[in-house]
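Heads up, the thing below is written out as structure tokens.
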Amino acid sequence: MESPSLRIALQKSGRLTEKTTALLQSIGLKFDTYKDHLLIRCRNYPIELLFVRDDDIPEYVEDGVCDLGFVGANVVAERRADVDILKELDYGHCRLCIAAPKEHGIREASQLGGKRIATSYPNLTRDYFEGIGQTVDIVEISGSVEIAPKLDVADAICDLVSTGSTLRANGLSEVETIFRSQTQLVRTRKQLSAEKTELINKLLIRIHGQQKAQSSRYIMMNAPAASLDRIRGIIPALKSPTVLPLAEEGMIAVHSVIPIDRFWEVMEELREAGASGIVILPIESMID
Ligand code: PRT
Ligand code: ZN
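For the sequence shown, the residue numbers in my numbering are 12 to 299.
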């Protein structure tokens with residue numbers, strides 16, 4: 012029987028846990044987390060959160076035990092999970108890399124044909140080597156893959172990298188990135204009730220609004236009315252800016268939204284155009 016609440020799987024304890032729970036809270040879900048509780052009910056929505064190992068999330072979602080899941084793209088791709096990817100979430104970034112002992116001087120993955128590659132990602136690794144027309148001997152290891160060459164269990168490894176310090180500490184150098192990953196929101200392909208579908212759509216709109224808000228800032232400034240056209244040209248406005256007359260003759264206030272990555276550039280250009288009293292504010296959410 013279909014559960015009446017939307018059930019969402021997320022990592023119980025690991026690199027994605029904090030950011031995933033923070034994201035859910037930032038879109039208005041109210042819940043408390045308890046160390047020993049695996050299934051937690053939201054106080055203000057018909058939503059249950061199931062806290063599990065990240066490796067189990069694709070299967071839970073595939074089987075419909077959970078309707079949604081927050082999980083690394085690396086896990087989804089390795090499991091070849093039969094799920095729909097609803098959103099890339101821009102956290103938990105990492106790369107699946109082939110690396111070999113520095114002293115071997117391996118420059119290209121094609122030099123590893125016939126060699127032993129230790130990895131926790133046998134499918135992605137095999138697919139990659141097949142793609143470049145090489146056969147390798149995959150040594151599947153569930154953790155601490157980076158020590159496999161030292162133990163002479165393998166000649167090279169294929170493992171996740173974020174800062175690269177684990178590779179460096181183990182005398183390994185990167186040969187090739189074979190997969191780029193970030194956290195994804197995935198949805199079951201099992202048929203869902205209209206209520207659940209509606210709830211998922213609402214969550215998606217909120218996540219989208221939250222992502223957009225995070226990458227934008229609200230900007231307010233004063234300027235001579237004569238500068239308005241120039242200012243309009245500088246602000247890559249998502250909407251046309253709000254323009255208000257000020258008490259001082261010939262002066263206006265301009266309010267708009269700017270993308271955060273152009274923040275400093277825009278500020279400097281605005282000052283040159285005559286803007287003053289520039290104020291930048293964070294935005295809670297943005298819904299189109
Ligand atoms: O217990 P559970 O099975 O749930 O957790 P886990 O130990 O399998 O996963 P966890 O918490 O380590 O990682 C969860 C997810 O975070 C991964 O599936 C990735 O999507 C993402 N992620 C992002 C990473 C990393 N960055 C990362 N650096 N996962 C693992 N690492 C490891 C990597 O395996 C290597 O050992 O960190 C080390 C390398 O890090 P750097 O910074 O030294 O390069
Ligand atoms: Zn895991």
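Here a beta-carbon is modelled for each residue, glycine too, at the ideal position from N, C-alpha and C.
{"Item": "Ends of the alpha helix (DSSP H) at I211?", "Value": "A205 to Q225"}
{"Item": "Go ahead and pull the three-state DSSP assignment for A284.", "Value": "coil"}
{"Item": "When you compare the CB positions of D78 and R198, do they come within less than 8 Å of one another, or not?", "Value": "yes"}
{"Item": "Classify V290: buried if its beta carbon has 16 or more other beta carbons within 10 angstroms, exposed otherwise.", "Value": "exposed"}
{"Item": "Taking 6 Å as the limit, tell me which residues put their C-beta closer than that to any heavy atom of the ligand PRT, in chain order.", "Value": "Q22, G25, R26, L27, R64, D65, D66, G83, N85, V86, G103, C105, D170, L171, V172, S173, T174, G175, S176, T177 and S192"}
{"Item": "Would Q195 pass as a contact of I298 if the rule is Cβ separation under 8 Å?", "Value": "no"}
{"Item": "So, at 6 Å on beta carbons, what are the nonlocal neighbours of K113 in its own chain, with the 5 sequence-adjacent residues on each side left out?", "Value": "G182 and S184"}
{"Item": "Going by CA-CA distance only, name the one from D101, C169 and A120 that's closest to P133.", "Value": "C169"}
{"Item": "I'd like the ranges of any alpha helix (DSSP H) spanning at least 4 consecutive residues and lying wholly in the stretch 26-84.", "Value": "28-37 and 68-74"}
{"Item": "Measure the CB-CB distance between L34 and I58 and report whether it falls below 8 Å.", "Value": "no"}
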